[in-house]
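This report concerns only the one structure given below.
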Amino acid sequence: MTYVIGADCIDVLDRSCIEVCPVDCIYVGDRKSYINPNECIDCGACEVECPVSAIVVDRKAKKDPGLAVYLADSRDFFEKPLPSRDTPLGNPGGASRLGDIGVDTPLVSGQPVSS
């Protein structure tokens, strides 16, 4: 089990989830944050803290087509090279080591900008 951040995070980037994550597994793209499914310990602290309810457990996301796409997208953020990068992020062992990634997956970057 892991958690996934859905569309409600796009253009919000509140970061309160990052502050409570005990394993530093939430990475910041350009317009959205992403939970590394291989680094998440399933504690749920991020879900409780999110002010826009964008974070859900994966088993719940799998049942909702609108969220399931973000479950796959989160894996893609770590397993596939992002735009303008030659290699995937992989499992760096903590988001703070890298700082903001500054780029999103094509799914997220293709969403209309929220005002």
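Residues 0 to 114 in numbering that gives the first Met the number 0 are what the sequence shown spells out, letter by letter. Positions of the beta carbon are idealized from the N, C-alpha and C atoms, including for glycine. All values derive from a computational prediction rather than experimental measurement.
What do you reckon, are the CB atoms on residue i and residue j nearer than 8 angstroms?
i: C136; j: T1; result: Any question about residue 136 goes unanswered here, given that the chain covers just 0 to 114.
i: K31; j: C8; result: yes
i: A94; j: D13; result: no
i: D10; j: S113; result: yes
i: P82; j: V102; result: yes
In the DSSP assignment, the beta strand (DSSP E) including residue i goes from what residue to what residue?
i: I108; result: Residue 108 is actually Ser in this sequence, not Ile. Element bounds for S108: not the beta strand (DSSP E) but the alpha helix (DSSP H), 105-108.
i: S32; result: 32-34
For the alpha helix (DSSP H) containing residue i, list its first residue and its last residue.
i: S15; result: 15-19
i: V68; result: 64-78
i: R118; result: Limits of the chain in this structure are 0 at one end and 114 at the other, which puts residue 118 out of reach.
How would you label residue i, buried or exposed, when you count the other beta carbons within 10 angstroms and need 16 or more for buried?
i: A71; result: exposed
Helix, strand or coil for residue i? Go by DSSP, reduced to three states.
i: V47; result: helix
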